[in-house]
Amino acid sequence: MNVANLQLEGLLMAIASINQVLVRKGVLSVEEIDIALRKAEASETNEERSEGMSASSRDAVNFPIRLLELANQCQPETDMPSFSKLAHMVGQIKEPYNDQM
97 MNVANLQLEG
107 LLMAIASINQ
117 VLVRKGVLSV
127 EEIDIALRKA
137 EASETNEERS
147 EGMSASSRDA
157 VNFPIRLLEL
167 ANQCQPETDM
177 PSFSKLAHMV
187 GQIKEPYNDQ
197 M
């Protein structure tokens, strides 16, 4: 596996853990984090940004956001799933883009 991919896995899991701490300490709510992540995803999937991008490129851009959204939904009641489990969940819930048939 590419070392950069492993670094990104670690970074995403670190951000997910930080988000859990922010919720536990009452700095942010699960809902506030969810709204921020949804805004990030919306800005990456807007017509201007995604024009000319293939569906797989858009999926690649949105993968980390979606993974963090799922991790956010798991808190604070449950333990954080592993990266591979979260990645699998992202693949299962991915919705097709308008240009996909």
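Counting in the working numbering, the sequence shown runs from 97 upward without gaps. Ideal Cβ placement from N, Cα and C applies to all residues, glycine included.
Minimum C-alpha distance to residue i - residue among the options
i, options, result
"R162", "L118, N101, T141", "T141"
"L108", "L164, M149, I131", "L164"
"Q103", "P160, K181, L133", "P160"
"Q171", "N101, A100, R134, L124", "L124"
"Q188", "E147, D155, M176", "D155"
"E191", "R145, A151, E147", "A151"
8 Å Cβ cutoff met for residue i and residue j
i, j, result
"I129", "V119", "yes"
"N158", "E137", "yes"
"P127", "F179", "Note on residue identity: the sequence assigns Glu, not Pro, to residue 127. The answer is no: Cβ separation not under 8 Å."
Residue burial classification, residue i (beta-carbon count within 10 angstroms, cutoff 16)
i, result
"M197", "Its pLDDT being 39, under 50, M197 is placed unreliably in this model, and the coordinates cannot settle the point."
"N115", "buried"
"A112", "buried"
"N98", "exposed"
"V117", "exposed"
Enclosing alpha helix (DSSP H) for residue i [first to last residue]
i, result
"L106", "Checking the sequence shown, residue 106 turns out to be Gly, not Leu. First-last of the alpha helix (DSSP H) with G106: 99 to 120."
"L182", "179 to 189"
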